[in-house]
Amino acid sequence: MTQDDAPDADFSRRSGAAAIGARLRRLSERIDRDASRLYRETGEIFEQRWYGVVRLLAEQEAQSVGDLAAALGVSHASVSQIRDGLARAGLIAWETDTRNARLRRLRLTPEGRALAARLTPLWNALNAAAVELNAEAKDALAAIDRLEQAVARVSLYDRVRANLG
Numbered sequence: 241m242t243q244d245d246a247p248d249a250d251f252s253r254r255s256g257a258a259a260i261g262a263r264l265r266r267l268s269e270r271i272d273r274d275a276s277r278l279y280r281e282t283g284e285i286f287e288q289r290w291y292g293v294v295r296l297l298a299e300q301e302a303q304s305v306g307d308l309a310a311a312l313g314v315s316h317a318s319v320s321q322i323r324d325g326l327a328r329a330g331l332i333a334w335e336t337d338t339r340n341a342r343l344r345r346l347r348l349t350p351e352g353r354a355l356a357a358r359l360t361p362l363w364n365a366l367n368a369a370a371v372e373l374n375a376e377a378k379d380a381l382a383a384i385d386r387l388e389q390a391v392a393r394v395s396l397y398d399r400v401r402a403n404l405g
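When we follow the working numbering, the leftmost residue of the sequence shown carries the number 241, and every step to the right adds one.
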């Protein structure tokens, strides 16, 4: 019996809804760990957290950090960290926007484009596995959508403040 099979030994599971953030992080870490293992097996240097930025840049050419953050629904700071890692790996470069000199547009380098092309079959397999998992979990994405909508309506912060009185 593993720790996952023993609900009494699993503090997060035992904590119920109070541990929703911990449970989501744990699930995300597990998925990322498996994806990282698959990347290592291909011999490619690629971090799972780079996926969304690389896929968007492969599809849409040059994008600003703000545009990427908005499309991915994450913070500007998060995309900036990803940008820095991709730049160190030689997978992206940037140019100054012609209309706004303060704005930089990121783009994949030829090496970044070649890597995206090589990883596309793995990404397709990862996406197929995600569809299988979602079906097996009886549409977990619908529940996640509802959770995101509930947090968008009233943040966790505001809910806690209201409960504190």
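In this text, a Cβ means the ideal position worked out from N, Cα and C, and glycines have one as well.
Distance from the Cα of residue 295 is smallest, within the candidate group 326, 316, 277 and 256, for 326. Look at the beta carbons and you see the stretch 309 to 317 not touching the stretch 358 to 377: under three pairs across the two are nearer than 8 Å.
For the pair residue 347 and residue 302, the CB atoms are nearer than the 8 Å cut-off. The stretch 297 to 375 is shown to contain whole beta strand (DSSP E) runs of 3 or more residues at 332 to 336 and 344 to 348, in chain order. For residue 289, the closest alpha carbon among the candidates 392, 268 and 336 is that of 268. A distance of 8 Å or more separates the beta carbons of residue 297 and residue 362. C-alpha of residue 374 to C-alpha of residue 341: approximately 44 Å in a straight line. Taking every protein chain shown into account, the CB of residue 285 has fewer than 16 other CB atoms within 10 angstroms, so this residue is exposed. Under the criterion of beta carbons closer than 8 Å, residue 381 and residue 352 do not qualify as touching, at roughly 29 Å. Residue 309 holds the alpha-carbon nearest to the alpha-carbon of residue 345 among 249, 398 and 309.
Per DSSP, residue 286 lies in no alpha helix (DSSP H) segment and is marked neither H nor E. In this structure residue 343 is in contact with residue 304, their Cβ atoms being roughly 5 Å apart against a cut-off of 8 Å.
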